[in-house]
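The working numbering applies: residue -18 is where the sequence shown begins, and numbers increase by one. Backbone N, C-alpha and C define an ideal beta-carbon position, used for all residues, glycine too. Working notes, beginning with the structure itself.
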Amino acid sequence: MRDIRIKEKLKEAKFISQYNEKKKASSFFSKKNQLFQEMCDESEFPTTPFDEPIWHELLEEAGMKTKKSKEILIDFAKRITKISGTKMCYKQKTMKSKILVEEIFNFIKKEHISTNIRGFISEIRTIAFIFPQEIGDEFTSIHAGISGDTLMRFQGSLSANRFHIVWTVEPTLPTYAMDDELMNRLHVELRPSEESVLKHTENVCASLSLSLKDNQNVFVESIMEEIYKYFNTISQSEFEVGLLRKLSSIPLVHVKKHKTFVRAENIVKNATSEREIVPYLIQAPEEYAPFYKLFRLLGMTDTPTIKTYAKVLLYFYKDFGKGRLHIEQIEQVEKAIKGLVQMLQTTMVDESQIDVDESQTESDESQTESDESWNDSDERQTESDESRIDFDESQTDIDEKQIDIDDLILMTTDYRLVPSSEIFLETRDDERQRIMKNGTLNLLADLTIFSLSKSQIEEIFMKLPKKLRPFFANTSIYEEVISTDELFLNSDIADKLKDYLTSDHFLKGILRLAKYNASSRNRQMEENSLLDIESNLKTIQICTVKQLQTILTLNTRRLNETEVSKRCSLDKKKNILYFTSFDVEAVKWLSLYDMELASAIEPLWNGNIEKDQILKILSKIDLSPLEFSKRLDDIGIPPMEETGIISFVPLPGSLVPKDLAEYLVPLESIVPLKSFVIYSDWENAQRYKYGVVLDVILSDEQNAEYILNVGSSSPSNMHMSELFMIKEISEINSETFHLNDDECSHRNDLTLNAVMRFRMNQQLNPQPDEGRRWLQQAKYDLEVAKLTKKNIDKELSKGYNWICIICQQAAEKAIKGAMYTINADEVQRVHSLTAHIPEGDTELLPIACQLENTIGSIEKMRYPIYRALPADLYEKEDALEALQVTEQIINEQIIIQISWSLFVLCNGCPAPPPCTCRSIVIFCANLNLTSVPHFSNPVDNDLAWDLELRDNEIRQIRYRDFKNLKLRKLFISNNKINVIENGALTGSEGSLLVIDSSNNKLTSIPSDVGRLKHLTDLDIHDNPMENINEDIIGNISGSLLSFSLGHEIMTSWPQCVERLTHLTSLSIFSLNIPKIPDDAFNNCRHLNILEIISTNISSIPTSIGKLLNLQHVNLYNNLILAEDSFPLHIFRDLQNLSSISIVNCSLRSLPLTFSEISSLSFLDIENNPISEIKTEDLINVTKLERLFLSGNPIRSISDDAFMDLESLESLILDSTNLTTVPKAVLNLPSLKGLSLQNNGIMCTCRTLKWMNDWPRLAKVLIVGTVVILE
């Protein structure tokens, strides 16, 4: 039909009959359209005969609806809204909704170019015509979920792909209502709220925790993965505290192998199956490895920790209750306690590094229960609190923030769970049995079943914070002697036993055992602990009685059923050892009762020695000191290096030095038990002796009577009017004499000798004769070492360790000999070489350090206590180096020793005016001298001198200029010397150590230099030497440690450097060469300092990267040196490199290799053309403390440039092009000084406003000037 007018008339015509009414064709829908067939009633289609196919085309022309439009689609959507509440079956309703949604999606995509589609989308997304996603049987078997006939609209509804993570709390759109292209336009929610997923997770996990079936594992895994993925996308910073706490409390970790759900805090990534305690401690399921990051955030740990096992025990306490455990529960508890003690045993924590949230996570219920369990007896509570061990907090290794619990639960001997604060720890077998018999105290179960020694058990629990420690019975429960007849018998055994226990060799043996026991457990034996043991032994009173009975007491309250008769017992408070004897000989008595004696005196060692170790030496009373020492050697106890402490622990009854008599003052106040006092000797009133307080009998403060240990077999009673103390000690530190291990600590700087020197105004005690004896022996030892080496070399046998041992002894004696010459009181009983070097010495100290580094520890040299034998550890090269360095030390000591001796006796100076002398130094510098002055014979011809002749006009040094002078150091720099005649240094071949002849006119090294046996420092730089005599350098290569050379006429690299294998310092000046050979420093493996100054080099030799001992590098004024002159990784392996200076060179940026120097603490790059400091320039240099950037045209510094400089204290930015204070300083937490002098810093409120928020502003000294702008 082509006529348009007819078409228009036909559309207006009403020619279709329906219900006795004529209707237009536009009132009807085409039955050929599938959507219309689904959505329309039969009445909406044309009636007979127009329902025949022959009429379709006519009706279409007349306006019948044949195609979907936005109006039709909106109408259909609204129809579904209306039919949702009808009785139409649900399946039919959802089918209509599904077909309509699909048509809507197609329509939008087809019409997406049309501008009118936006209005359609805006309207259709707000109509609720979509039925929610159905919940399948697999899901309803877990939880019924939220579904039903409630219609949903696109806008604000959750997409179907989130069904797995919300179905129990909210419906989602069905899968057919999903189209990734349209979701955003339809305003579909793509991510559920955290609260919804949290609640859903709680529902799912709660249901599955109660009924997880075998056939559900795979299905459940898919659900949990979706939940984990959701939370895994939330970063730690985005997690709200409340959400994190709630999520952590949900048992959301699915453990397939145990068919259970647990909290993340019950999961340990690297736990083994053997360590699992289901469901409290479980190995992390590997199938969920991608979500370990989330699990860690919620409480999972990589390995079991102290907190892990502590929480397991707390769960047991809540679940099992306070009653007696049954066998399966006991096994689980033992497993947890074993894990706990293993963690405590292996954990050593630096408290300064702990930064853990202090919030408590446990419920108040456990605290209430523990309170009720202890409130049975107020008296018992009070007593236990008072008897708690008061350990030094420095001994606490585990901070309570790490465990984060209110109570640590432990098991008692009767298999009950009790908080640790209500339990007693007792490791002594006898006392354990007595406490168990009493039955009123909670006693910790036996932990030796875990292969722990008794001392280890105590050490382990001492690591706990104070509030979590058990009560230590050995210090809270006291053994009281209740029957001694108060009659002390004279006994040969008592005398011999006291002599034995207080003898030097027994004391040394005990200290050896204590140190060995500590080292075998990788612990350091503190000096104070050794002194406590020494004082306990030396002050012990031994008393023989007829009968002996004791009872255990807790804060003066006697514990019933704990009385026993004993053979011997120690009163710890008074330090009295009681024992019974029956007229047997001492050796026999010890052989019979050594076990009981060892148990009794065990408290003397403060837990530092095991009883079985004591038994190995206790009965050896008949051995000589040498045989006793050998006994210790035989049982594998290495000798103890002497600690150097001058211990003032005199024996009771020993004489007080006469020099102290004038400092004694009467005792006027009560002193604690085990304190030292002084009394007048009964046989001679002018003599005084030491006594130790055992007990005090008080009538009043001014009328006390003391029971003293005076060294005899019976104590003595003395009135306080008969007793004295030393004035200086009582004034300076009254605790010094109080050797009570519970009340004081020893101080080695307040010994009796120190107090005497304090009173005598620090008078020294020089003993030059003794010093010469020690020095002479040192020489003999060195000769023996040389002969020994020849014999070993000749026989091609092992034993070079003995050469090192002898060298150490020789060097030690030489250094101590010098100290005797200065002050004999300062000679210590230590083997350390550096301990006796006078403060301020810079010559001997590096040599002594070199020898100590070569030989290592004395035990390592002597005893096969390491895997390798000493004979295998030391080789020929070690012995040779030890000999060479020892010879230097002994030579040095001869000079110093004689020098100190001379100036104690006289003040003679061998130089004529205007030269002057001070000590052993002759000052003739800067006097315009044109020749060497004449020196007279000194008082002591063996004395060696330091001669200062620098900064004069001297042109030559003649053969006999130093004929009357033995030289130690010679300084002749900055003269005009062109000749040093042969023989000029004759007489100083064995003493001359240092020569500085820089900045003169010498064209070669004087031949005399090659004859100097001990020369350590040689400076010849800035002399016109084109070459260097290699033979001369070779002669001194064995001793030379520091070498400075170079001149502009030197055009080739001096090959002699490769022969100087002992150098520690090398300085190169003004070489006129473009490149230093890459292998130039291959043999300089001991180099600490390297300076390359004012040369023309354009690259850095690669052999620098092999100098593993290098500490300081100075590259001053090398004008061609740029950032690309540094080979990549050249400094990477130099872990001792701490200082670099590259001043006045051509660096435009910092070399990349700087970021590999983690040990760098000082960096000076002043006066280079650096214009910018970038973020990556100073990464990884976390130990840098001082940074100098002055003189660079720096315009900008990145805000993150100093991000890694956490240790930087000083920053110098003088004379740059900066116009504002760089914000990068905000990242410097340790900054103390900032210099900004000679910069055009502009100061405005806007540019420097950020400084108000700089937390360190008040702590940083800022130097510089600014231009203030309004």
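Check, Outcome
"For a test of the three-state rule: what should DSSP assign to residue 34, helix, strand or coil?", "helix"
"Is it the case that the CB of residue 428 approaches a heavy atom of the ligand FAD more closely than 6 Å?", "The ligand content of the structure shown is nil, which means the ligand FAD is not present either."
"Using 7 Å as the threshold, is the C-beta distance between residue 1215 and residue 1241 below it?", "yes"
"Over the uninterrupted beta strand (DSSP E) stretch that includes residue 531, give me the two end residues.", "530 to 535"
"Please tell me whether residue 1099 and residue 1126 are closer than 7 Å, where the distance is taken between their beta carbons.", "yes"
"DSSP three-state call for residue 559: helix, strand or coil?", "strand"
"Just how far apart, CA to CA, sit residue -12 and residue 98?", "29 Å"
"Roughly how many whole angstroms lie between the Cα atoms of residue 457 and residue 262?", "35 Å"
"Given 8 Å as the limit, is there contact between the region 417 to 434 and the region 475 to 494, that is, 3 or more CB pairs closer than that?", "no"
"For residue 1308, collect the residues of the same chain with a Cβ closer than 7 Å to its Cβ; drop the 5 residues on either side in sequence, then sort them by chain order.", "In the structure as shown, the chain begins at -18 and stops at 1251. Residue 1308 is therefore absent and cannot be evaluated."
"Would you list the residues sitting across from residue 965 in a DSSP beta bridge?", "Residue 965 is not bridged to any residue."
"Can the beta-carbon of residue 966 be found less than 7 Å from the beta-carbon of residue 989?", "yes"
"How many angstroms separate the CA atom of residue 170 from the CA atom of residue 137?", "6 Å"
"Of the residues 976, 980, 981 and 860, which one's Cα is nearest the Cα of residue 998?", "976"
"Skipping 5 residues on each side, what residues in its chain have a beta carbon closer than 8 Å to that of residue 1141?", "1118, 1119, 1120, 1121, 1135, 1162, 1164 and 1165"
"With distance defined between alpha-carbon atoms, name the residue in 870, 916 and 872 nearest to residue 890.", "916"
"Could you check the C-alpha separation between residue 741 and residue 705 for me, to the nearest Å?", "In this prediction, residue 741 scores a pLDDT of 35, lower than 50, which makes its location untrustworthy; no coordinate-derived value is stated."
"Taking all protein chains shown into account, do 16 or more other C-beta atoms lie within 10 angstroms of the C-beta of residue 1244, making it buried, or fewer, making it exposed?", "exposed"
"Would you call the region 950 to 963 and the region 923 to 937 in contact, with 3 or more CB pairs under 8 Å?", "yes"
"Quick check on the DSSP output: the alpha helix (DSSP H) that includes residue 54 runs from which residue to which?", "51 to 64"
"How big is the Cα-Cα spacing for residue 1006 and residue 754?", "46 Å"
"How many angstroms separate the CA atom of residue 1232 from the CA atom of residue 1238?", "7 Å"
"In the DSSP assignment, the beta strand (DSSP E) including residue -2 goes from what residue to what residue?", "-5 to -1"
"According to the neighbour-count rule (16 or more other Cβ atoms, all chains shown, within 10 Å of its Cβ), is residue 38 buried or exposed?", "exposed"
"List, from N- to C-terminal side, the beta strand (DSSP E) runs of 3 residues or more that fit wholly inside the region 411 to 496.", "458 to 464"
"Keeping to the same chain, check which residues put their C-beta closer than 6 Å to that of residue 1070; ignore five residues upstream and five downstream.", "1046 and 1093"
"Using a Cβ-Cβ cutoff of less than 6 Å, which residues in the same chain neighbour residue 1065 once the five nearest sequence positions on both sides are dropped?", "1044"
"Buried or exposed, going by whether 16 or more other CB atoms sit within 10 Å of the CB of residue 423?", "buried"
"Determine the direct distance from the alpha carbon of residue 310 to that of residue 301, and round the result to whole angstroms.", "8 Å"
"Return the Cβ separation of residue 406 and residue 454 in integer angstroms, given the expectation that the two are a contact with Cβ distance under 8 Å.", "6 Å"
"Looking only at its own chain, which residues have a Cβ that is under 8 Å from the Cβ of residue 1218, when we skip the five neighbours before and after it?", "1195, 1196, 1244, 1245 and 1246"
"Which residues in the same chain as residue 1190 place their Cβ atom closer than 8 Å to its Cβ, once the five residues preceding and following it in sequence are excluded?", "1166, 1167, 1211, 1212, 1213 and 1214"
"If you reduce the DSSP assignment to three classes, tell me which class residue 1170 lands in.", "coil"
"What number of angstroms, rounded off, separates the C-alpha of residue 297 from the C-alpha of residue 228?", "22 Å"
"Just the C-alpha distance for residue 64 and residue 49, rounded to the nearest angstrom, thanks.", "20 Å"
"When the Cα atoms are used, what is the spatial distance from residue 530 to residue 578?", "15 Å"
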